[in-house]
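First comes the structure, then the notes that go with it.
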Amino acid sequence: MAPISPKRRKLHHNNDEADSASEGFESGGDDVGSQSSADERTTTAPLKQMQARAKHVKDIDESALYSGGLYKSNMFKLQIDEMLAQVQPNYEKRMPGVNEALHRLKSLIEAIEDREMLPISDAIKMLHKAHKIVVPFPDPKPDKNAAYKLAYAKPSKINVVGSYAIKTMIKSDSALSVDMVVVMPPSIFQEKDFLNYRYFYKRAYYLACIAAGLQSTAPDEFTWTFEYLNGNSLHPILVAKLNSKKTKSESHFEIHIIPAAPESFFADSKLRPTKNSIRPKNGPENQPTTLPPSPFYNASLKSDCNFEPYLKLLHSASKQESGFKDACILGRIWLRQRGFGSSISNGGFGHFEWAALTALLLKGGGPKGHAFLSPGYSSYQMFKAVLQFVSTTDLANKPQLYEAADFVPTKSDTPMFFDGPRGQNILFKMTPWSYELLREEAKITVEMLNDSTFDQFDSTFIVRTAQHLQKFDCLVRVPIPTTSPETFSCDHKPHLASFSGRLFEVLREGLTDRVSFIDIRGPDLPPWSPKSPCPEIGEQSSLLVAVLFNPANIDRLVDHGPSAEEKKKAAKFQKFWGEKAELRRFKDGSIRESLVWSPGSSYAIFQDIFTYLIKRHFEPEMSKSLTFVGEGFEKLLPGYGQGAKAFDALKQAFNSFERQIRDLDGLPLQLRQLSAIDPQLRYSSIDYPLFNPRQPLEKPADVLIQFEGSGRWPDDIIAIQRTKIAFLLKIGSLLREVDDSITTKLGLENEDQPLKNCAFLDIVYESGASFRLRIHNDREQTLLERQVKDKLLDQRTREDAASALSTYKRTFLQLPLHTQSIATHCTRFPLLSSTIRLVKMWFDCHMLSRHISEELIELLVARIFLQPHPWRAPSSAMCGFLRTLLFIARWDWRSTPLIVDFTGTLTSNEVTSINTRLEAWRKIDPGMNRTVIFAASNHDTTGTAFTDKGPSKVVAARMTALARSACKLLKDQGMDLNPKSLFVTSTTDYDFVIHLAPKFAGESVRKSSTKHKFKNLEVQSDVNLELVGYQPVQLYLNELEKLYTSTIVFFHSAVAGSTIAGLWNPQTLASRSFKVNLPYASKLTMGTDKGEVELDKDAILAEIARLGGDMVLRIEVHR
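Below, the structure is given as structure tokens:
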């Protein structure tokens, strides 16, 4: 279940629409205009503070809305309302002085003097000589000897457009942007200026003239920079920020001054996606051309003409449909959390594209030209329906045309939703990879919104999924070539875009079904001073290629190409793969072109293929500069590279053991079942089970044996425990009779707790496999429940019975079901095993594993795979690990249960019941002294099977704090993160640290267990057998915890194993009056005459050192 986010602070909500912001301007409008991405930048702070809080239903009865499907549920509606109120900024506080700044800029621009028509070279020289301004011409730069001229004249209109005009902005960590469109007059253009960048050259000059005029008349009021609108180098804009030195206050807004073309000056027919507007230098401009079309160039020019038309479209939609504005805000939040924006580098699909698409779907897009969105939709229905449209409609293969009956699109990788009345493909900035990713995100969200069992509000709107290391399995930095071929391009494709497109095509063809998705992100060019040239991609710049693995195919060693008979396909295959392609005959008799890759881990195979593709299709030197990120986490695991296969030997030994037990003759009762309950038998132990004939498995795998019911079992619980001993001895005797190489040993446990299981049988095979057998008798449960309910017994006896009953249910009822489920899903999800082991190692390295059960950790990880929203199930251990940490960091375990649906059959009523049970626990135990974490599943709806004995509030809080620190480190360092840094813990927070001798430390013990692995002279000895199940550090810790349970909390890492840390119980540190039988060593408090005593830390630490003997090197005291 998605955790409820932390409490939100109350924020102001201004419902007033277009107010003074648009006064004095030609027009103000809805959420568009510049199509700016500035307010779509990464924003998490407001959303992080949000929590779904129910409000009182207001004056009307809204139950009909929910039952009618206008909203997913009553709670979901309240959550949406609360979020919409929270995300809107307080304009007066956040943007003081913005209206005055807008009016000031408008008057300054209108006062700029006209500049006469001049040849290009003269215009550039005069502007630079007088004002030092460098005109931001796009590449290719204009021919200085061109026949046309450049001029500046007073703008025909100045409009404030976009979200600010009608107060539909949302909070952002970055400065909020206000878009001011300056419409250039028709007098400075010619009819054919749409050709060969002429319009864009004139636009850049016009912008430079505005910059020159503003810098001359208001040099100190504002700071000025150029930047590219949405990363489009054809669209430089001027950004004005209040000068904080003059205003003596930090401004949280910026004003984008955007030159725009006259609305109807250029004919729509000339700028359609199928037309060509870039002609070769020597080619005729006025003759029909057979050159390929220039859709990006045409759409860039057309978008400059469409500020006001789209303003009118969206304004009309907001007036006609009450839910339109809120649906657009929901879409903006959804896109931002997934890293999408109008900027080309952010996918080319941001809030403007969402709003325009929604408005157009209110008019068309459905069957037979009808509207896809029905009138009267609520904001939620509209939001969901747009996602449904995006997820189910392939606009790349089947373009959508709105009121464009005479337009026939050509085949292209770019998705197309062509808006006929405005003559523009609103998706022109999207790439094939960003469109595929957008559709996948939409599919996932639609699935979430259709989930009737779990609340998916947080997954839809709150959780940020754009962090690459949590989203993708492998990241690759690919250096950008510094030179590009001098070839003529019929569309505007800068070197970066051209290289990105070619790289995607090569990777898509080369990686085939090994990967599910490929995402390519290029560097954003920073803003620059108007007095400096436009920035260019630096020599050290690189593309970020993010890849999502297909777990079923990523580690395939042989790729099958076309058969030898398919000549054309075979020739194409050979050309693409070069010397790597070879003709091979397979067992089925077929002869195919094939590729054979060297064995290794999934990452190693992927890296080999990726490197080869770069080396063959690009510069060979580039392949030496590739940087791969992703494998570092899994490499931290012991036995990396083997995966779940490392557990197969023990699983096979267990299957043999089970057959042997079932075939035994002479058992007193008929065997019902043999159940595995050990992490080693469910693929989830940190160390994989290592054993051989010379070195038995040190930690025997726990197994339960259950016999058919019989009336011969005694009716006394203690007598049952004694009978179990006889049974175990009999089983050991029978096993030795059938195989004299088997060694058996009876062990005793819980000697001071007679109601609990008291005996086990260790069984060691000649192969080195070892098992620890316990007997399950269902009669125990009945007898213990009877004692718990028997009010004639004293309180202590009933408490002991309750404790024994809890242990019984956990060991004999829940663990077999849990082990079976985890083992099954480790087979279903190949990466689940590695992820569990990695998360367990993280808990262990931070010394929390003694307090948090392995089963609880397994439930945490299983939830990430079984209820993975807002992602798909992880396809790498890195993703699974980092998503688990994110869940822990966000999980409010005080009020939200962990719910794991192993079978996918939990109903909403069962989920409600689990939540109700947690609420009841919190009312009974508000101080959380008994149960802190509530973890339920199909097998255990009580939620306490694996958390009844811990963790405590202190440990749970530390778990959350550590996870949050890890997530912050990931956010701050990104790809530069060293995986090992997440597993390093500090001991300075503890009161004292016990340093253990190296030979007892976890790493040393692990090395000693493998030192004879390859020596055939070693034989299994009695000494080796004695060490089976012997864990001295754990025994020492058990003794310490038993002696100082009320005084000290101990922490230990079994993996490192070199230290034991301790915290003094704060309640025992205060001085108090002396009394007999204090539970700890005490001494007189110095400086008081009241005869008070205090905890004698030195005496206790000395006693701890004495108990440890040779095991303890020293004790380091911090406080």
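In the UniProt record's numbering, the protein residues as written are 1 to 1119.
Note that CB positions come from ideal geometry on N, CA and C, so glycine has one too.
Other residues of its chain near W921: CB distance less than 7 Å, five sequence neighbours each side excluded: As a position in the sequence shown, residue 921 is number 921, starting the count at 1. Contacts found: T931 and F934.
Tell me the DSSP bridge mates of F253? What you label residue 253 is simply residue 253 of the sequence shown in a count that begins at 1. L176.
Opposing strand residues paired with S770 [DSSP bridges]: Within the sequence shown, the letter at position 770 stands for residue 770. Looking at the DSSP output, S770 sits in a beta bridge with V764.
Is DSSP giving A873 helix, strand or coil here? Taking the sequence shown and counting its residues from 1, one reaches residue 873 at position 873. Three-state result, A873: coil.
Identify whether H776 lies in helix, strand or coil by the three-state DSSP scheme. Indexing the sequence shown from 1 puts residue 776 at position 776. Looking at H776 - three-state DSSP - the assignment turns out to be strand.
Use the C-beta contact count for P599: other C-beta atoms within 10 angstroms, 16 or more gives buried, fewer gives exposed. The sequence position of residue 599 within the sequence shown is 599, counting from 1. With fewer than 16 other Cβ atoms within 10 Å, it is exposed.
Can you list, in chain order, the residues of its chain whose CB lies under 6 Å from that of residue 1127, leaving out five sequence neighbours each side? With the chain covering only 1 through 1119, there is no way to say anything about residue 1127.
Backbone CA spacing between K281 and I124 [nearest angstrom]: Taking the first residue of the sequence shown as position 1, residue 281 is located at position 281. Taking the first residue of the sequence shown as position 1, residue 124 is located at position 124. Roughly 22 Å separates the two Cα atoms.
Any contact between the segment 893-910 and the segment 981-990? By contact I mean 3 or more CB pairs, one from each, below 8 Å. Contact check between the segment 893-910 and the segment 981-990: fewer than three CB pairs, one atom from each, fall below 8 Å, which does not count as touching.
Use the C-beta contact count for S833: other C-beta atoms within 10 angstroms, 16 or more gives buried, fewer gives exposed. On the sequence shown, residue 833 is found 833 positions in, with the first residue counted as 1. Classification of S833: buried, given that the 10 Å Cβ count is 16 or more.
Quick check on the DSSP output: what are the complete beta strand (DSSP E) runs of length 3 or more inside the segment 884-950, in order along the chain? DSSP runs (the beta strand (DSSP E)) wholly in the segment 884-950: 898-900 and 935-937.
Determine the contact status of A546 and F606, defining contact as a CB-CB distance below 9 Å. Locating residue 546 in the sequence shown gives position 546, counting from the first residue. Locating residue 606 in the sequence shown gives position 606, counting from the first residue. Going by beta carbons, A546 and F606 fall outside the 9 Å limit.
Please name the residue in A1056, Q867, T960 and P494 whose C-alpha comes closest to that of I537. Numbered from 1 along the sequence shown, position 537 holds the residue referred to as residue 537. For I537, the nearest C-alpha among the options comes from P494.
Is the beta carbon of R774 closer than 9 Å to that of D702? For this step, residue 702 is matched to residue 702 along the sequence shown. For this step, residue 774 is matched to residue 774 along the sequence shown. Yes, they are a contact pair.
Looking at L401: is its Cβ nearer than 9 Å to the Cβ of G420? Working through the sequence shown from its first residue, we reach residue 401 at position 401. Working through the sequence shown from its first residue, we reach residue 420 at position 420. Their beta carbons are under 9 Å apart, which means L401 touches G420 by this criterion.
Which listed residue (F418, D413, V1112 and M1111) has its alpha carbon closest to that of W433: For this step, residue 433 is matched to residue 433 along the sequence shown. Residue D413 is the option with its Cα nearest to W433.
In chain order, what residues of the same chain lie with their CB nearer than 8 Å to the CB of K730, ignoring the 5 residues before and after it? On the sequence shown, position 730 is the one that residue 730 refers to. Cβ neighbours of K730 beyond the five flanking positions: G666, L667 and P668.
Per DSSP, which residues does N692 bridge with? Please list them. In the sequence shown, residue 692 corresponds to position 692, counting from 1. Answer is Q695.
Once the 5 residues before and after K55 are set aside, which same chain residues still bring their CB inside 8 Å of it? To locate residue 55, count along the sequence shown from 1; it is residue 55. Residue confidence is low: K55 scores 36 on pLDDT, short of 50, so the model does not pin down where it sits. No coordinate-derived value is stated.
Assuming I258 and V182 are in contact, meaning their beta carbons sit under 8 Å apart, how far apart are those beta carbons, in whole angstroms? Counting from one through the sequence shown, the residue named residue 258 turns up at place 258. Counting from one through the sequence shown, the residue named residue 182 turns up at place 182. Their Cβ separation, rounded to whole angstroms, is 7 Å, which keeps I258 and V182 in contact under 8 Å.
Identify whether P979 lies in helix, strand or coil by the three-state DSSP scheme. Residue 979 sits at position 979 when you count from the first residue of the sequence shown. Here P979 sits in helix by DSSP.
Determine the contact status of E100 and A175, defining contact as a CB-CB distance below 9 Å. Along the sequence shown, read from residue 1 onward, the residue named residue 100 stands at position 100. Along the sequence shown, read from residue 1 onward, the residue named residue 175 stands at position 175. No, Cβ-Cβ distance for E100 and A175 is not below 9 Å.
Would you decide whether F726 is buried or exposed? Buried here means 16 or more other CB atoms lie within 10 Å of its CB. For the purposes of this step, residue 726 is taken as residue 726 along the sequence shown, with counting starting at 1. Strictly speaking, residue 726 in this sequence is Ala, with Phe absent from that position. Exposed.
Over what stretch of residues does the beta strand (DSSP E) that includes T988 continue unbroken? In the sequence shown, counting from the first residue as 1, residue 988 sits at position 988. It is not in any beta strand (DSSP E) - T988 carries neither H nor E in the DSSP assignment.
Could you pull out every residue in the same chain whose Cβ sits closer than 6 Å to the Cβ of E1094, ignoring the five residues on either side in sequence? Residue 1094 sits at position 1094 when you count from the first residue of the sequence shown. Taken in chain order, the residues that qualify are S1071 and T1085.
Selection from L815, L817, V788 and Q814 that minimises the alpha carbon distance to S803: As a working mapping, residue 803 is identified with position 803 in the sequence shown. Ranking the options by Cα distance to S803, first place goes to V788.
Would V738 be called buried (16 or more neighbouring beta carbons within 10 Å of its own) or exposed? For the purposes of this step, residue 738 is taken as the residue at position 738 of the sequence shown. Under this definition V738 is an exposed residue.
Under three-state DSSP, which class holds C826? Against the sequence shown, residue 826 aligns to sequence position 826. Three-state DSSP puts C826 in a helix.
Take the Cβ of D892 as the centre, count every other Cβ of all protein chains shown within 10 Å, and call the residue buried at 16 or more, exposed below. Translated into the one-based positions of the sequence shown, residue 892 becomes position 892. Classification for D892: exposed.
I1048 versus L1063 - alpha carbon distance: Along the sequence shown, one-based indexing puts residue 1048 at 1048. Along the sequence shown, one-based indexing puts residue 1063 at 1063. Distance between the alpha carbons of I1048 and L1063: 6 Å.
Going residue by residue through the UniProt domain "Nrap protein" (324-463), where are the continuous beta strand (DSSP E) segments of at least 3 residues, counting only ones entirely within it? Entirely contained in the UniProt domain "Nrap protein" (324-463), the beta strand (DSSP E) runs reaching 3 residues are, in chain order, 400-402 and 417-419.
Would the beta-carbon of L118 fall within 9 Å of that of D326? In the sequence shown, counting from the first residue as 1, residue 118 sits at position 118. In the sequence shown, counting from the first residue as 1, residue 326 sits at position 326. Result no, Cβ atoms of L118 and D326 do not sit closer than 9 Å.
On a CA-only basis, which of A1056, T1059 and K809 is nearest G943? Give me that one, please. The residue given as residue 943 occupies position 943 in the sequence shown. Closest by alpha carbon: K809.
Using only CA atoms, which one of N915, F76, H825 and R338 lies nearest to E904? Mapped onto the sequence shown, residue 904 falls at position 904. Residue identity check: residue 904 is Gly in the sequence provided, not Glu. Looking at the Cα atoms, H825 is the closest of the given residues.
I need the boundaries of the alpha helix (DSSP H) containing S733, first residue and last residue. In the sequence shown, residue 733 corresponds to position 733, counting from 1. Looking at the DSSP string, the run of the alpha helix (DSSP H) that includes S733 is I717 to V738.
Pairs of beta-carbons, one from the segment 434-444 and one from the segment 370-381, closer than 8 Å: are there three or more? Output reads no: the segment 370-381 does not touch the segment 434-444.
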